Amino acid sequence: MTRDEMIEAIAEVIDTEATLTPETPLESLEEYDSVAVLSLMSWFDELGISVAPKDFEGLKTVADLLALAEG
Amino acid sequence: MDNVLVVGASSGIGRATALRLAGRYRVFAMARRADRLEALTTEGIVPVAFDVTRFDEITPTLKDLAKEYGRFQALIYCAGVQNLKPLRMLKATDLETIFAVNTYAPALFAQAFAARAVHTKENPSMVFVSSIAAQRPEPVILAYSASKAALDNMVKGLAKEVAPIRVNGVAPGFLRTEMTKRFAHVYDEAFVERVEKSYPLGLGSVENVAALIDFLVSDDAAYLTGEIIRIDGGGAL
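Going down the list, the sequences are from chains A and B. Quick note: the first sequence uses our numbering, first residue 1, plus one each step. Quick note: the second sequence uses our numbering, first residue 1001, plus one each step.
Shown next as structure tokens:
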């Protein structure tokens, strides 16, 4: 999956209509809440990436989510 | 000594129930993995390796057991699966897996137990382990809650259809079990602490639920059927 495809998938998983870029601050997305985090965890799990809620603490941008997905 | 069959006996409520009844009943403990039942054999419990999703084999298996060891006074169905998925991540396969174990298999075990060749004439009964989530669904466990709500409904329908076999359910609140420990990232210490504070009687144990099941299969409950008894320390109040 390319970086652009990953960003597109993230937007779908957290169900946002905002146009995401690596620089998009997560706090600017009203959809980024605890359910979004659980959704992202399910998605990471499907990709074979094991993450815990604490791994999401301190993440500031979409680029941080990409870094988490890339291990 | 009467025979009882505990389905899903390798851990949690099923295991606690098998251990509690052992000695007073001849307990047949069923689980998918035989190796996980070995520790129970020292208590005189008979292990039965069986995957509850082998739907077509449920009735023949129970008939064979009854033929070989005698009929069963009680069927206690404790097997259950859960996952934590927000609606948008839920897939048809998640629903299939959860309903297979939590709803379809108990219906087919009930069918098997209701066969004349399988249950005793004296005080035959079935008990199914439901959950308070059946009546109080929560986010991210929609499939689990719905599967248990279907089970609750089935308990009542079965109680009418298969009388004089008694059919009851137990609906525990949150418990620390292997099933919930699998989701320790969500059911973490902070969550457990919140539960402990919000339940008037604090956090319960699988042994509390086993004690209620013990009562439900006993002669003392001989006039009780079609009930799903909440056992959550008052958590749902």
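Quick reminder that beta carbons are idealized off the backbone N, C-alpha and C, glycines included. Keep in mind it's a predicted model, so treat the numbers as computed, not measured.
Under 8 angstroms between C-beta atoms, does residue i make it to chain B?
| i | result |
| --- | --- |
| D15/A | yes |
| L29/A | no |
Name the chain A residues whose beta carbon is nearer than 8 angstroms to that of residue i?
| i | result |
| --- | --- |
| R1088/B | V13, D15 and S39 |
Let me confirm a value: residue i is counted as buried when at least 16 other C-beta atoms fall within 10 Å, else exposed. Which label applies?
| i | result |
| --- | --- |
| T1225/B | buried |
| Y1069/B | exposed |
| V1087/B | It should be noted that the sequence gives Leu, not Val, for residue 1087/B. The residue in question, L1087/B, is exposed, as its Cβ has fewer than 16 Cβ neighbours within 10 Å. |
| S39/A | buried |
| N1153/B | exposed |
| G1202/B | exposed |
| T2/A | exposed |
| L47/A | exposed |
| P1164/B | exposed |
| G71/A | exposed |
| R1071/B | buried |
Quick one: list the residues of chain B neighbouring residue i, beta-carbon separation under 8 angstroms, in chain order.
| i | result |
| --- | --- |
| V35/A | P1086, P1139 and V1140 |
Leaving out five residues on either side along the sequence, give the residues of the same chain with a beta carbon under 8 angstroms from the beta carbon of residue i.
| i | result |
| --- | --- |
| P1200/B | G1233, G1234, G1235 and L1237 |
| L26/A | Y32, L59, K60, T61, V62, D64 and L65 |
Can you name, in chain order, every residue of its own chain whose Cβ lies under 7 angstroms from the Cβ of residue i, other than the five neighbours on each side?
| i | result |
| --- | --- |
| I1045/B | A1018, A1022, V1027 and A1029 |
| K1148/B | N1102, S1130, S1131, A1133 and A1134 |
| D15/A | E31 |
| A1034/B | P1047 and A1049 |
| R1230/B | I1132, A1171 and A1236 |
| D1051/B | R1032 |
| A1115/B | T1059 and K1063 |
| V13/A | S39, L40 and W43 |
Who are the Cβ neighbours of residue i in its own chain at under 6 angstroms, not counting the five residues just before and after it?
| i | result |
| --- | --- |
| A1031/B | A1009, S1010 and L1037 |
| L1108/B | F1055 and I1058 |
| S1125/B | A1074, R1166 and V1217 |
| A1016/B | V1206, E1207 and A1210 |
| D1214/B | R1020 |
| T1180/B | Y1187 |
| I1013/B | C1078, V1129, V1206 and V1209 |
| K1197/B | none |
| L1062/B | A1112 and V1118 |
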